[in-house]
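Chemist: Sharing a structure below in structure tokens format, with a few things to ask.
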Amino acid sequence: MKYVKQFMIIIGISFLGEMLHSLLPLPVPASIYGLLLLFLLLMTGGLKLGQIEEASEFFLAVMPLLFLSPSVSLVTVMDKVVGAFVPIVGTIVLSTIVTTVVTGVVTQSVMKLLANRKKDCGKGGISE
Numbered sequence: 077m078k079y080v081k082q083f084m085i086i087i088g089i090s091f092l093g094e095m096l097h098s099l100l101p102l103p104v105p106a107s108i109y110g111l112l113l114l115f116l117l118l119m120t121g122g123l124k125l126g127q128i129e130e131a132s133e134f135f136l137a138v139m140p141l142l143f144l145s146p147s148v149s150l151v152t153v154m155d156k157v158v159g160a161f162v163p164i165v166g167t168i169v170l171s172t173i174v175t176t177v178v179t180g181v182v183t184q185s186v187m188k189l190l191a192n193r194k195k196d197c198g199k200g201g202i203s204e
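If you're matching positions, the sequence shown starts at 77 in the working numbering and goes up one per residue.
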């Protein structure tokens, strides 16, 4: 019964996300609204992690199965994809490299900024 209650809480938050999506004229998917609501509830203490922990672990455990259908669908159109294989792989590799470099540069910049602020103010910051 505990799992049913936890699933119902998660489904209820997802439903609220759907409601926000239909009410607000913003180009934001309903799932994002649901995730934001869940995050806010967890951060403010309106919802305790223990109230949804087991159901969340179940969802994480079965997540790979959710990607099975798109993978099988990709096999059915493989003849169309084969001609564009090199550009697709090239784009994936290039975008991964660019994302990694940009993330590293931004992270280092923020760490330096916080370290300088710590030295200047003598207050909290990130220790290296």
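Heads up, the beta-carbon is just placed ideally off N, CA and C, and yes, glycines get one too.
Please confirm whether residue 125 and residue 118 have their CB atoms less than 8 Å apart.
Modeler: yes
Chemist: Once you ignore the five residues that flank residue 176 on each side, which residues in its own chain have a CB closer than 7 Å to its CB?
Modeler: none
Chemist: Under DSSP, the alpha helix (DSSP H) around residue 77 begins and ends at which residues?
Modeler: It is not in any alpha helix (DSSP H) - residue 77 carries neither H nor E in the DSSP assignment.
Chemist: Suppose you measure from the CA of residue 145 to the CA of residue 102; what does that come to, to the nearest Å?
Modeler: Rounded to the nearest angstrom, the two C-alpha atoms are 30 Å apart.
Chemist: For residue 191, report the span of its alpha helix (DSSP H) as first-last.
Modeler: That run of the alpha helix (DSSP H) goes 161 to 197.
Chemist: Is the Cβ-Cβ distance between residue 67 and residue 131 less than 8 Å?
Modeler: Past the edges of the chain, shown from 77 to 204, lies residue 67, and the structure says nothing about it.
Chemist: CA-CA distance, residue 187 and residue 159?
Modeler: 44 Å
Chemist: Would you call residue 110 buried or exposed, if buried means 16 or more other Cβ atoms sit within 10 Å of its Cβ?
Modeler: Label assigned to residue 110: buried.
Chemist: Check residue 204 in the structure and name its three-state DSSP category.
Modeler: With a pLDDT of 49 at residue 204, under the threshold of 50, the modelled position of that residue is not reliable, and no figure is offered here.
Chemist: Excluding the 5 residues preceding and the 5 following residue 137 in the sequence, name in chain order all residues of the same chain whose CB lies nearer than 7 Å to its CB.
Modeler: none
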